[in-house]
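Undergrad: Pasting a structure below so you can have a look.
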Amino acid sequence: MATITNKMLLATAQSVRQAVKGELNVLTMPDDQIMNQIYATHVHADEKFDADSLFAVTENILKRATLLVDNVVLGTQAHYENVEEKAPKTSFSPPLCTLKALSCEMACKAPGEEIAHKTTMSILNKLSNYSWEAKAALTLAAFALDYGDFWLLVQLHSSDQLAKSMGILRRLLGYHYFGSLYDSDVLHLWKRVSIEVLKKKNVLLFISSLDISMDEISVLKPVYDGLRTKDQYKIVWIPVVEQWTDELRKKFEMLRSKMPWYIVQYFSPVVGIKFIKAEWNFKNKPIVVVMNPLSRVEHTNAFHQYHTNASSSFLAISGIGTGISDSGFSKKIK
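full-length UniProt numbering puts the first residue of the sequence shown at 1, with every later residue one more than the last.
In structure tokens:
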């Protein structure tokens with residue numbers, strides 16, 4: 001047993017020396033050799049560290065930063081008061097210098113798998129006296145420190161001169177650039193558009209309550225994907241809600257974030273609901289009303305046909321012609 005242990009230690013020491021010299025390629029290195037390198041960095045010290053408090057603070061940062069990202073990029077209105085905060089122990093004192101050192105290791109290195117491995121080993125060496133749980137908590141906290149700081153500057157960047165100057169040093173980009181990183185169709189959801197975009201178009205009115213599942217929404221995804229390059233076709237979601245509440249508004253925001261097509265937004269009673277129920281037999285289950293460019297209804301409910309045939313049979317299912325009048329469409333959704 002002692003012989004095996006000595007061989008393992010010898011192999012570990014040799015692999016570490018080779019890694020330092022750059023003689024090993026991490027992409028071809030066996031898993032057990034990588035694990036040996038990792039274990040070699042760990043010193044079973046008796047150091048006490050409050051990893052739970054650090055993780056609680058880190059979780060608070062990441063939760064709020066994620067909401068801030070949604071606000072800046074997608075334009076949603078997050079409710080920060082609903083974020084549950086976890087309190088660290090009053091005696092907790094974070095190791096700021098260690099966090100800064102780890103942050104520098106992660107942020108100031110070039111990309112690439114081999115460099116990432118070297119960075120990982122460097123971080124593990126810096127954290128050799130911590131428990132494995134503390135190593136994980138400290139590394140995540142170092143990321144959260146930069147991530148939270150970055151998005152806080154983004155939030156203040158447009159109105160605070162100090163934040164603007166700090167943003168220059170942090171290479172912070174403007175709002176317009178963040179928007180360009182995301183799919184233009186998704187951003188299009190958050191723009192208020194005129195009814196003119198539907199004029200002389202074939203329109204699919206996707207009508208449902210807010211009690212709709214992701215599976216039901218996904219029914220129209222292949223249809224949308226098949227038609228997104230065809231300008232003469234548009235999909236519009238009309239949510240049917242008798243009485244709006246704060247909870248229903250939150251649910252509406254969540255649902256619309258899942259839909260890449262046009263959406264009718266309203267938070268007051270709509271007369272058209274009676275028409276939808278009476279003329280199109282809407283009973284809280286999703287329906288798809290197909291209208292041609294002349295504002296004539298070609299199909300009062302093609303939802304189940306789309307469910308079974310998807311976008312490949314769109315034209316056959318719809319039977320639509322060529323050309324929606326502004327008055328015809330607007331009258332039906334008011």
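Here a beta-carbon is modelled for each residue, glycine too, at the ideal position from N, C-alpha and C.
Keep in mind that this is a model prediction, so the values were computed, not measured.
Considering Cα atoms alone, identify which of L68, Y130, D50, S209 is closest to Q243.
TA: Numbered from its first residue, the sequence shown carries residue 243 at position 243. Here the closest residue by C-alpha is S209.
Undergrad: Of the choices I238, Q265, R256, D50, whose alpha-carbon is the least far from that of F282?
TA: Within the sequence shown, numbered from 1, the residue matching residue 282 stands at position 282. Nearest option by C-alpha distance: I238.
Undergrad: With DSSP as the reference, label P239 as helix, strand or coil.
TA: Residue 239 sits at position 239 when you count from the first residue of the sequence shown. Residue state, collapsed to three classes: strand.
Undergrad: With a Cβ-Cβ cutoff of 8 angstroms, do K234 and Y266 count as a contact?
TA: Counting from 1 along the sequence shown, the entry for residue 234 is found at position 234. Counting from 1 along the sequence shown, the entry for residue 266 is found at position 266. The answer is no: Cβ separation not under 8 angstroms.
Undergrad: Is the beta carbon of N125 sitting closer than 8 angstroms to the one on T41?
TA: Within the sequence shown, the letter at position 125 stands for residue 125. Within the sequence shown, the letter at position 41 stands for residue 41. T41 sits close to N125, with the two beta carbons spaced by under 8 angstroms.
Undergrad: Do you know how far the Cα of P286 is from the Cα of I212?
TA: The residue given as residue 212 occupies position 212 in the sequence shown. The residue given as residue 286 occupies position 286 in the sequence shown. Straight-line Cα distance between these residues: approximately 8 angstroms.
Undergrad: Per DSSP, what kind of secondary structure is E298 in: helix, strand or coil?
TA: As a position in the sequence shown, residue 298 is number 298, starting the count at 1. Residue state, collapsed to three classes: strand.
Undergrad: Looking only at its chain, what residues have a beta carbon closer than 7 angstroms to the beta carbon of F92, apart from the 5 residues adjacent to it on each side?
TA: For the purposes of this step, residue 92 is taken as the residue at position 92 of the sequence shown. Cβ within range, chain order: D50, S53.
Undergrad: Name the one or two DSSP bridge partners that residue 340 has.
TA: Nothing in the structure corresponds to residue 340, since the chain is present only between 1 and 334.
Undergrad: Since I believe L220 is in contact with V290 (beta carbons under 8 angstroms), could you give me their beta-carbon distance rounded to a whole number of angstroms?
TA: Here the question's residue 290 lines up with position 290 in the sequence shown. Here the question's residue 220 lines up with position 220 in the sequence shown. V290 to L220, Cβ: 12 angstroms. No contact.
Undergrad: Do the stretch 272-279 and the stretch 246-258 make contact, defined as three or more Cβ pairs closer than 8 angstroms?
TA: no
Undergrad: Going by Cα to Cα distance, which pick from V43, A110, A65, N36 is closest to L152?
TA: What you label residue 152 is simply residue 152 of the sequence shown in a count that begins at 1. Among V43, A110, A65, N36, the Cα nearest to that of L152 belongs to A65.
Undergrad: So the alpha helix (DSSP H) I276 belongs to, where does it begin and stop?
TA: Translated into the one-based positions of the sequence shown, residue 276 becomes position 276. Element bounds for I276: 272-279.
Undergrad: Is the beta carbon of A87 closer than 8 angstroms to that of A136?
TA: Taking the sequence shown and counting its residues from 1, the one referred to as residue 136 is at position 136. Taking the sequence shown and counting its residues from 1, the one referred to as residue 87 is at position 87. No, they are not a contact pair.
Undergrad: Alpha carbon to alpha carbon, what distance is there between K109 and S165?
TA: On the sequence shown, residue 165 is found 165 positions in, with the first residue counted as 1. On the sequence shown, residue 109 is found 109 positions in, with the first residue counted as 1. Roughly 24 angstroms separates the two Cα atoms.
Undergrad: Tell me which same chain residues have a C-beta within less than 6 angstroms of the C-beta of E105, skipping the five on either side of it?
TA: Along the sequence shown, read from residue 1 onward, the residue named residue 105 stands at position 105. T119, S122, I123.
Undergrad: Would you tell me roughly how many angstroms separate the C-alpha atoms of V197 and V297, rounded to the nearest one?
TA: In the sequence shown, the residue the question calls residue 197 occupies position 197. In the sequence shown, the residue the question calls residue 297 occupies position 297. Taking the straight line joining both Cα atoms gives about 18 angstroms.
Undergrad: Take T58 and list the residues in its own chain whose beta-carbon comes closer than 8 angstroms to its own, dropping the five residues that flank it on each side.
TA: Here residue 58 corresponds to residue number 58 of the sequence shown, with the count starting at 1. If the five residues before and after T58 are omitted, its C-beta is found closer than 8 angstroms to the C-beta atoms of A137, L140, A141, A144, all from its own chain and listed in chain order.
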